[in-house]
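The numbering of the sequence shown is my numbering, which starts it at 121 and goes up by one.
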Amino acid sequence: MERKWWKEAVFYQIYPMSFQDSNGDGIGDLKGITKRLDYLKELGIDAVWLSPFYKSPNDDNGYDISDYRDVLTEYGTLEDFDEMQREMHKRGIRLVLDLVVNHTSDEHPWFVESRKSKDNPYRDYYIWRDGKDGGYPNNWDSRFSGPAWQYCPETDQYYLHLYSPKQVDLNWDNPKVREEIYDMMDFWMERGADGFRIDAAAGFSKEEGLPDGIPRKQATGCEHYLNGPHIHEIYREMNQKVFQKYPEIVTVGETFGVTPEDALKYAGNDRGELDMIFQFQHVGLEYTDGNKFNLHPIRLSEFKASLSRWQVALDGKGWNSLYLANHDQPRSVSRWGDDQKYWKESAKMLYTMLLTMQGTPYIYQGEELGMTNTVFESIDDFLDIQTLNAWKVYVEEGDDDPETFLKAAKFIGRDNARTPIQWDDSKNAGFTTGTPWMRVNPNYTWLNAEAELADPDSIFHYIQKLIALRHESLVAVYGNFTEYEPENEALYLYNRKLDGQNLFVALNFTGEEQKLTVPKEILEAQKKSKLYVSNYDNDGVICDRMIRPYEAIVYEWE
Ligand code: GLC
Ligand code: CA
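Listed below in structure tokens is the structure:
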């Protein structure tokens, strides 16, 4: 396996709107990020993935860009960006930018032109079609509910938007569009950025003729644009025209709906496309018939099977990215742990898993503190366009049960991850001196960075330790993966091995004591074992024993 900095690095994702406000307007900003870099350095991370900070009307919190080469006014200026980047680099932290190029904002100058007339030079930058039989050009859904088409009376045509009507899909079949994007990527690379996280990366290439999709509850039509016909040509071209000029950079594609087999096409060694992708299988298991707002409980064995499958499938052939949360997912401790009685233990257990798997770990802001899902009384408490649109279409205009919907939205809604970072127990958690754009999670009075920095037993310090250990342990990064007892509904057991070095990992996913039976070959083969890490007091002698609620224990053995 080829060694790379980005394989050995631990990434941290910043969602700028909620990270740190520096001027009291209630909105996080770039100066706020700069102010907190020592905190990130202390945590020990190597790179930041920064969610969009570009000019945007913020229909989808910056994932709708109206100027790719400038900073959102509320976030600061290009000079603030340069300063932030310089200060990161000074601390040895690399900076990966979000590249949102499946679509632009409808306020982007290209689209302002494009909608003017059918012969406008920018017309073909987007995807325009005539209606069919008095209706939409086809039956595709927006991923934010409702049709994927918006009518424009100026020219009596519809434009395609796979997300909101203010996020207009670019026409990647147009070579001019591709050149513009590559140019813009150069702009940021030359400014000193270290890579890209590519948004909605599997959806750029739409099938010719835009045929109707098989009707389904959500995302009808997706089989005609996910992993579309020219998607791999696009990434090869991007790689040749941009990535190759900057050999040290890293690229990661956000690819909804891909299998490990697809992943190896995007990011297999020697494909000449991307370095890695974000897969979605482990975060979609609770959906009922693909519906995010109708959930069912899952068994631990399903969750494990999903993760283990990727560990094995990409070993030696590609590279995984590992995550438990991001700005589109709820808080991990509320989802897979216990955010009440075993809050601390279970958050530590989950991150023991993340940091002892093969791949590059991504920690979403606040996860290092064990931040939890927040409190919503009713639909009026939600801000996220995805949740609000789905409510409107499925509940208000459709016949979905409001209780079921709300239960799901509280558990899985994207707003859970977007509450401001809890820095201390002062008003608004030290996030802002003004009124925060989004309500702070009320548990900030006891759950905050200041308290955790002062507590040697905190989640922060435990994750800090896991990061430091990983930096010194090639087996944690590169070792192969063998799972034991995949059918066990309480424990996740696996071994990592590189040359003669091993890590045996045992994780209790329940609030009860469980019996840990060490795999025979490990019990017999072990001559020397020592403790690698644990979230409870433990010694390092591998043996059959009881494992406590949400206990995580990792043994190093030869
Ligand atoms: C990605 C982003 C998400 C956004 C969507 C549209 O999935 O992570 O936040 O809403 O793309 O850009
Ligand atoms: Ca601000």
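Ideal Cβ positions, reconstructed from N, Cα and C, are used throughout, including at glycine.
(message) Please report the straight-line C-alpha distance between Ala537 and Met137, rounded to a whole angstrom.
(response) 12 Å
(message) Measuring only the C-alpha atoms, how far is Met204 from Gly152?
(response) Cα to Cα, Met204 sits roughly 9 Å from Gly152.
(request) Jot down the residue ranges of each uninterrupted alpha helix (DSSP H) in the region 217 to 273, minimum 4 residues, whole runs only, in chain order. (result) 229 to 234
(request) In the DSSP assignment, find the unbroken beta strand (DSSP E) run with Tyr172 in it and report its ends. (result) A small fix is needed here, since residue 172 is Pro in this sequence, not Tyr. No beta strand (DSSP E) contains Pro172, which DSSP labels as neither H nor E.
(request) Just list the beta strand (DSSP E) runs in the region 385 to 440, keeping only unbroken ones of 3 residues or longer that don't cross its boundaries, in chain order. (result) 396 to 398, 411 to 415
(message) For a quick check, are the C-beta atoms of Leu280 and Ile247 less than 7 Å apart?
(response) Cβ distance < 7 Å, so Leu280 and Ile247 count as in contact.
(request) From the DSSP output, in three-state form, read off Arg97 for me. (result) Outside the modelled stretch of the chain, which goes from 121 to 678, sits residue 97, for which no answer is possible.
(request) For Ile587, name the three-state secondary structure that DSSP assigns. (result) helix
(message) How far does the alpha helix (DSSP H) with Thr507 in it extend, from its first residue to its last?
(response) 505 to 510
(request) Please specify which runs of the alpha helix (DSSP H), each continuous and at least 4 residues long, are wholly inside the region 300 to 370, giving them in chain order. (result) 351 to 361
(message) Using C-beta distances below 7 Å, list every residue in its chain close to Ala510, excluding the 5 sequence neighbours before and after it, in chain order.
(response) Ser265, Phe413
(request) With ligand 1 as the reference, list in chain order each residue whose Cβ lies under 5 Å from any of its heavy atoms. (result) Asp180, Tyr183, Tyr283, Asp319, Ala320, Asp448
(message) Excluding the 5 residues flanking Met309 on each side, which residues of the same chain have their C-beta closer than 8 Å to its C-beta?
(response) Val362, Lys365, Tyr366, Ile369
(message) Taking a contact to mean a Cβ-Cβ separation below 7 Å, would you say Ile667 touches Asn628 in this structure?
(response) In this structure, Asn628 lies closer than 7 Å to Ile667 by Cβ.
(request) Report the partner residues of Val372 according to the DSSP bridge assignment. (result) Arg317, Met396
(message) With the cut-off set at 7 Å, would you say Trp260 and Gly323 are in Cβ contact?
(response) no
(message) Is Asn143 near ligand 2 - that is, is its Cβ less than 6 Å away from at least one heavy atom of it?
(response) yes
(message) Following a CB-centred definition, is Ile134 positioned closer than 6 Å to any heavy atom of ligand 2?
(response) no
(request) On a CA-only basis, which of Glu570, Glu227, Ala529 is nearest Ile499? Give me that one, please. (result) Per the Cα distances, Ala529.
(message) Using only CA atoms, which one of Asn493, Ala425, Arg391 lies nearest to Asn446?
(response) Asn493
(request) Answer with buried or exposed for Arg211, where buried requires no fewer than 16 other C-beta atoms within 10 angstroms of its C-beta. (result) exposed
(message) With three or more C-beta pairs closer than 8 Å as the rule, is the region 178 to 198 touching the region 134 to 150?
(response) At 8 Å Cβ cutoff, the stretches touch.
(request) Please classify Ala528: does DSSP put it in a helix, a strand, or coil? (result) If DSSP states are grouped into helix, strand and coil, Ala528 belongs with the helices.
(message) Excluding the 5 residues flanking Ile505 on each side, which residues of the same chain have their C-beta closer than 7 Å to its C-beta?
(response) Correct list, in chain order: Asp179, Asp180, Phe264, Ser284.
(message) Taking its Cβ as the centre, do 16 or more other Cβ atoms sit within 10 Å of Gln478, making it buried, or is it exposed?
(response) buried
(message) According to DSSP, is Ala672 part of a helix, a strand, or is it coil?
(response) Taken through DSSP and simplified to helix, strand or coil, Ala672 comes out as strand.
(message) Please classify Gly486 as buried or exposed, where buried requires at least 16 other C-beta atoms within 10 Å of its C-beta.
(response) buried
(request) Using only alpha-carbon positions, find the residue among Arg451, Asp448, Gly254, Leu427 that is nearest to Leu442. (result) Leu427
(request) State the start and end residues of the unbroken beta strand (DSSP E) segment that holds Lys161. (result) It is not in any beta strand (DSSP E) - Lys161 instead sits in the alpha helix (DSSP H) that spans 157 to 163.
(message) Check whether the region 638 to 647 and the region 584 to 593 touch, using three or more Cβ-Cβ pairs below 8 Å as the test.
(response) no
(request) Give the range of the beta strand (DSSP E) segment to which Phe624 is assigned. (result) 621 to 628
(request) Could you check the C-alpha separation between Leu503 and Glu516 for me, to the nearest Å? (result) Rounded to whole angstroms, Leu503 to Glu516 spans 17 Å at the Cα level.
(message) Considering just the uninterrupted stretch of the alpha helix (DSSP H) at Leu474, what are its terminal residues?
(response) 463 to 474
(request) Quick one: give me the first and last residue of the alpha helix (DSSP H) that Glu570 is part of. (result) DSSP places Glu570 inside the alpha helix (DSSP H), whose first and last residues are 569 to 574.
(message) If you follow the beta strand (DSSP E) that Val191 is in, where does it begin and where does it stop?
(response) For Val191, the enclosing beta strand (DSSP E) stretches over residues 187 to 191.
(message) Applying the 10 Å Cβ sphere with the 16-neighbour rule, what's the burial state of Ser237?
(response) exposed
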